[in-house]
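Below is one structure, written out as structure tokens, with a few remarks after it.
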Amino acid sequence: MRVDVTELTSEPGARMSVEGRAEVGALPDGKPVGPALVRGELVNTGSALVLSGTVDLDVRLRCSRCLEDFQARIEAPLEGEFRRTSAQPGEDERRRALEDEGVILYYGSEVDLSEPVRESLVLAMPMRPLCDPDCRGLCPRCGTNLNRQACGCDDEVPDPRLADLGRLLDDQGRPEER
Ligand SMILES: [Zn+2]
Ligand SMILES: [Zn+2]
104 MRVDVTELTS EPGARMSVEG RAEVGALPDG KPVGPALVRG ELVNTGSALV LSGTVDLDVR
164 LRCSRCLEDF QARIEAPLEG EFRRTSAQPG EDERRRALED EGVILYYGSE VDLSEPVRES
224 LVLAMPMRPL CDPDCRGLCP RCGTNLNRQA CGCDDEVPDP RLADLGRLLD DQGRPEER
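The numbers in our numbering rise by one with no breaks, and the one at position 81 of the sequence shown is 184.
What follows is the structure, encoded as structure tokens:
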């Protein structure tokens with residue numbers, strides 16, 4: 104997603120709203136459904152153009168409990184900083200500026216929002232996606248999706264206090280271990 108910033112660059116303090124759709128490639132653990140919706144503002148701080156806003160994206164995720172795919176909306180805060188260079192920056196120079204200062208170098212009259220958009224979404228992806236906060240997951244014995252049906256397995260995890268009691272009774276039943 105490229106934005107023409109000609110009207111911003113001449114005047115420190117100038118602001119410009121940005122809105123548009125950005126194609127996002129596959130994300131770690133998620134597949135975008137359509138483009139991301141980007142809304143924000145670019146501000147000329149004198150030394151840089153600072154981007155702030157939000158990015159929304161519908162993604163297909165896999166539930167970490169029941170392993171079913173489901174669709175969710177990722178809403179992420181969007182941030183970025185662009186600094187203009189007087190000559191076309193090389194790949195090394197771009198990478199160094201990004202790693203050391205968190206600044207994206209640009210040359211000419213356009214900035215490319217793809218990098219901050221992608222970065223924001225990657226950071227906002229859930230670590231353990233859940234199709235529902237109450238997802239019941241899979242039966243550890245037979246693999247049935249317990250959201251759909253009960254399986255009849257005796258999968259009750261014993262209460263640890265009862266387990267202790269059981270051990271105690273066990274021990275008492277075996278006097279040779281005392
Ligand atoms: Zn689930
Ligand atoms: Zn089962």
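We put the beta carbon where it would ideally sit given N, CA and C, even for glycine.
All of these numbers come straight from a predicted model, not from anything done at the bench.
Same chain, Cβ closer than 8 angstroms to residue i, five either side skipped, listed in chain order
| i | result |
| --- | --- |
| arginine 197 | Ile207 and Leu208 |
| leucine 233 | Cys166, Ser167 and Arg168 |
| valine 220 | Met104, Ala125, Val127, Ala139, Val141, Val158 and Leu181 |
Between the CA atoms of residue j and residue i - distance to the nearest angstrom
| i | j | result |
| --- | --- | --- |
| glycine 183 | cysteine 166 | 31 angstroms |
| glutamate 203 | glutamine 252 | One detail in the question is off: residue 203 reads as aspartate in this sequence, not glutamate. Those two C-alpha atoms are separated by around 53 angstroms. |
| cysteine 254 | leucine 241 | 10 angstroms |
| glycine 205 | alanine 117 | 22 angstroms |
| proline 115 | arginine 124 | 27 angstroms |
| leucine 216 | arginine 187 | 14 angstroms |
| glutamate 126 | cysteine 256 | 46 angstroms |
| arginine 163 | leucine 201 | 29 angstroms |
| serine 250 | serine 223 | First, the amino acid is wrong: residue 250 is asparagine here, not serine. Their Cα atoms are separated by approximately 32 angstroms. |
| threonine 112 | serine 120 | 14 angstroms |
| aspartate 237 | glutamate 178 | 21 angstroms |
| asparagine 248 | proline 192 | 53 angstroms |
| proline 138 | leucine 160 | 7 angstroms |
| glutamate 194 | alanine 175 | 35 angstroms |
| tyrosine 210 | serine 189 | 7 angstroms |
| valine 146 | glutamate 110 | 11 angstroms |
| threonine 148 | aspartate 235 | 43 angstroms |
Close-in-space but distant-in-sequence residues of the same chain around residue i (CB under 6 angstroms, 5 per side omitted)
| i | result |
| --- | --- |
| valine 214 | Val106, Val108 and Phe185 |
Residues near residue i in its chain [Cβ-Cβ closer than 7 angstroms; skip 5 each side]
| i | result |
| --- | --- |
| arginine 142 | Glu122, Gly156 and Thr157 |
Worksheet item: Any chance the stretch 145-154 sits against the stretch 169-176, with 3 or more Cβ pairs inside 8 angstroms?
Response: no
Fill in: In chain order, each beta strand (DSSP E) run of at least 3 residues that lies wholly inside the stretch 205-268
207-209 and 213-215
Worksheet item: Is it a yes or a no for the stretch 128-135 touching the stretch 222-230, going by three-plus beta-carbon pairs under 8 angstroms?
Response: The answer is yes - the stretch 222-230 touches the stretch 128-135, with three or more Cβ pairs under 8 angstroms.
Item to complete: Kindly provide the ranges of any beta strand (DSSP E) runs that are 3 or more residues long and lie completely inside the stretch 141-196, ordered along the chain.
Response: 152-165 and 172-187
Worksheet entry | Contact set, ligand 1 heavy atom to C-beta under 5 angstroms | Cys166, Arg168, Cys169, Cys234 and Cys238
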